[in-house]
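In the working numbering, the protein residues as written are 57 to 228.
In this text, a Cβ means the ideal position worked out from N, Cα and C, and glycines have one as well.
Some notes on the structure that comes next.
Shown next as structure tokens:
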């Protein structure tokens, strides 16, 4: 098993005995949320009430608190979740900033070279990349590559991206 896949598998396995806690852990990972030394769910050191996390996940607040405590009590998980950070996603505000968003859906997100080949296409068209992120294929149901570039896309870029290996669909 790939090292990254094994790591995520071990994290999820630690909560295999509790599907509700497993859902909380998945939610934390998908959203870049951590756990403070005091056992609070945090976003970049800002505490998020357990009731809010519970409502988002569909569990009781006590499940969130128990999950956070369990994370802190685990020598493998505590260092991961104490350092977790969320980063801004410009894709929802791109049009207001004069940016273009390209979402690349692939048939095998574990394949190598997807990001590099997409960046080469954009670079060949002299597009400045403002942000790029990939959803983790071990966490996301439908992994994707999202690239945000300055300005509008010149003709031909979408067709070139669409013709790359493993690309299933392009969303603009």
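The C-beta separation of residue 183 from residue 206 comes to about 7 Å, placing the pair in contact by the 8 Å criterion. Taking a cut-off of 8 Å on C-beta distances, the region 126-145 touches the region 90-99, as three or more cross pairs fall below it.
Taken atom to atom, the span from the alpha-carbon of residue 197 to that of residue 211 is near 31 Å. The Cβ neighbour count for residue 174, taken over all protein chains shown within 10 Å, is at least 16; the residue is labelled buried. In this structure, the alpha-carbon of residue 222 lies about 16 Å from that of residue 158. For residue 137, the secondary structure class from DSSP, reduced to helix, strand or coil, is helix. In chain order, 213, 216, 217, 220 place their CB closer than 8 Å to the CB of residue 177, counting only its own chain and leaving out the 5 sequence neighbours on each side. A check of alpha carbon separations from residue 107 across 204, 82, 164, 118 identifies 118 as the nearest. Cβ contact annotation for residue 120 (same chain, cutoff 6 Å, sequence separation greater than five): 80, 106, 109, 110, in chain order. Considering only 187, 72, 74, the residue with the shortest C-alpha distance to residue 143 is 187.
For residue 83, the enclosing alpha helix (DSSP H) has its first and last residue at 75-87. Note: residue 225 is bridge-paired with 161 in the DSSP secondary-structure output.
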